[in-house]
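By the UniProt record's numbering, the letter at position 80 of the sequence shown is numbered 80, and the numbering carries on one by one without gaps.
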Amino acid sequence: MKLNLNIEPLSNWAPVSNGPLIISGPCSAETEEQLLATARLLKQTGKVHVLRAGIWKPRTRPGEFEGIGAVGLEWLNKAKAETGFPIAVEVANAKHVEEALAAKVDILWIGARSTVNPFTVQEIADALKGVDIPVMVKNPINPDLSLWIGALERINGAGITKIAAIHRGFSSFEKTAFRNEPMWDLAINLKTLLPELPILNDPSHICGSRELIPFISQKALDLDMQGLMIEAHIDPTVAWTDAKQQVTPAALSEIIDGFILRKAESKNPEFTDKLAGLREKIDKIDDQIFQKLAERMKVVEQIGEFKRDNDVTILQVSRWDEILQKRVSYGSVLNLDKDFSAKILELIHNESIRRQTAIMNSAKADLG
1 MKLNLNIEPL SNWAPVSNGP LIISGPCSAE TEEQLLATAR LLKQTGKVHV LRAGIWKPRT
61 RPGEFEGIGA VGLEWLNKAK AETGFPIAVE VANAKHVEEA LAAKVDILWI GARSTVNPFT
121 VQEIADALKG VDIPVMVKNP INPDLSLWIG ALERINGAGI TKIAAIHRGF SSFEKTAFRN
181 EPMWDLAINL KTLLPELPIL NDPSHICGSR ELIPFISQKA LDLDMQGLMI EAHIDPTVAW
241 TDAKQQVTPA ALSEIIDGFI LRKAESKNPE FTDKLAGLRE KIDKIDDQIF QKLAERMKVV
301 EQIGEFKRDN DVTILQVSRW DEILQKRVSY GSVLNLDKDF SAKILELIHN ESIRRQTAIM
361 NSAKADLG
């Protein structure tokens with residue numbers, strides 16, 4: 001099912017003719033000189049299109065640096081006047097919106113901590129009514145696609161048509177190499193539901209460390225995301241916030257030079273014919289997979305009935321452990337990733353439990 005929002009293409013408002021939109025600048029505007037010096041170096045690269053800086057910084061705990069405040073808007077405008085960059089800031093409430101609009105900020109974005117709260121997003125949406133300005137919406141901290149879509153709908157409902165999503169990863173209890181797990185499938189699902197929606201990637205917040213930024217950036221571009229927001233600082237080692245994930249303007253230039261820009265599609269007839277043939281093979285295999293899953297579920301239902309008739313519980317942990325270990329090992333032999341195999345098995349197992357539970361409950365209902 002596709003959603004219907006009134007969204008303009010990125011080319012209507014983004015200052016770039018080809019290639020990805022690059023938004024860069026410091027995590028936080030710290031001092032006037034720091035911001036201006038960073039902006040000058042970013043301009044010299046010739047590869048950045050929009051200057052960003054955090055003015056109001058919602059932090060996890062009080063007492064940390066929470067942004068320089070509205071004076072930073074004056075610094076951004078000085079940088080804009082000198083470099084010609086359009087400027088972008090994060091807004092987290094109606095007052096921020098009013099001050100940013102008064103300062104003639106070109107682009108606004110809503111951060112992950114705000115997206116997670118519909119009350120906050122609605123307050124921002126109400127403050128934007130009657131205004132024509134691009135607004136970008138980051139995904140919520142937690143992996144909730146409905147919250148992300150809801151925030152986009154609220155902003156669009158306020159009359160904002162220049163709208164984009166920013167994929168910045170999601171919080172996870174699992175410790176991995178990333179600050180925020182990419183969970184690419186959620187961004188892909190969003191694109192499937194809203195094909196016309198521009199989606200940008202924020203590798204800085206996904207990675208949490210500058211070393212991983214080239215890898216995540218390239219993957220985002222390979223998934224046809226239309227731009228990147230990468231934090232850059234004149235000297236990241238002394239940055240007041242998120243020092244590890246910021247790069248120097250020179251390092252940013254090198255990262256961009258390393259991008260491999262691929263097309264969304266090819267007009268080469270040979271490529272088109274070959275791709276169509278391979279996709280036909282995939283379709284046939286998918287049909288077989290679903291047929292086998294349906295056969296499996298019929299056996300699952302027979303097992304459920306047998307358990308019901310013999311007063312046996314649905315879940316046998318030892319049997320589940322046996323399936324998991326054997327099938328994951330078998331998948332490894334077939335060159336399937338262990339995590340992928342485990343996730344597939346968990347989905348199948350959950351559906352098996354659901355079907356057997358329905359059989360057990362229907363028996364209770366019959367008993368009256």
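Ideal placement from N, C-alpha and C gives every residue a C-beta, glycine not left out.
Going straight from the alpha carbon of residue i to that of residue j, what length do you get?
i	j	result
residue 368	residue 357	Low local confidence applies: a pLDDT of 49 at residue 368 is under 50, so the model's placement there is unreliable, and no value is given.
residue 93	residue 285	50 Å
residue 44	residue 58	31 Å
residue 137	residue 50	16 Å
residue 83	residue 74	14 Å
residue 335	residue 185	21 Å
residue 167	residue 312	46 Å
residue 304	residue 320	15 Å
residue 327	residue 130	57 Å
residue 343	residue 39	45 Å
residue 222	residue 259	10 Å
residue 145	residue 190	7 Å
residue 216	residue 48	18 Å
residue 254	residue 56	29 Å
residue 220	residue 147	22 Å
residue 132	residue 317	57 Å
residue 42	residue 29	15 Å
residue 275	residue 207	33 Å
residue 183	residue 243	24 Å
residue 54	residue 87	11 Å
residue 341	residue 331	6 Å
residue 298	residue 277	32 Å
residue 322	residue 329	11 Å
residue 139	residue 23	17 Å
residue 362	residue 355	11 Å
residue 96	residue 90	8 Å
residue 66	residue 52	16 Å
residue 300	residue 350	11 Å
residue 261	residue 35	30 Å
residue 19	residue 180	26 Å
So, at 8 Å on beta carbons, what are the nonlocal neighbours of residue i in its own chain, with the 5 sequence-adjacent residues on each side left out?
i	result
residue 348	293 and 296
residue 155	110, 121, 124, 125, 128, 135, 137 and 163
residue 246	26, 27, 204, 210, 231, 232, 233, 236 and 239
residue 113	58, 92 and 141
residue 149	3, 190, 193 and 194
residue 264	224
residue 188	223
residue 315	353
residue 267	none
By the 10 Å Cβ neighbour count, where 16 or more other Cβ atoms means buried, how is residue i classified, buried or exposed?
i	result
residue 85	buried
residue 199	buried
residue 269	exposed
residue 282	exposed
residue 159	exposed
residue 102	exposed
residue 9	exposed
residue 69	exposed
residue 432	Nothing in the structure corresponds to residue 432, since the chain is present only between 1 and 368.
residue 169	buried
residue 46	exposed
residue 81	exposed
residue 325	exposed
residue 214	buried
Looking only at its chain, what residues have a beta carbon closer than 6 Å to the beta carbon of residue i, apart from the 5 residues adjacent to it on each side?
i	result
residue 360	308
residue 37	234
residue 201	167, 220, 225 and 228
residue 196	7
residue 256	47
residue 78	none
Residues bridged to residue i by DSSP?
i	result
residue 167	201
residue 113	Bridge partners of residue 113: none, in fact.
residue 22	228
residue 52	88
residue 107	88
residue 135	108 and 163
residue 247	232
residue 28	54
residue 181	170
Near residue i, what residues of its chain come up, given a Cβ to Cβ distance below 7 Å and the 5 sequence neighbours on each side ignored?
i	result
residue 6	156 and 161
residue 106	86, 87 and 88
Is residue i near the ligand ZN, in the sense that its beta carbon is under 7 Å from a heavy atom of that ligand?
i	result
residue 219	In the structure shown, the ligand ZN is absent, as is every other ligand, since no ligand is present at all.
Open item on the list: Under 8 Å, with one C-beta from each stretch per pair, do the stretch 173-182 and the stretch 224-238 reach the 3-pair mark?
Closed with: no
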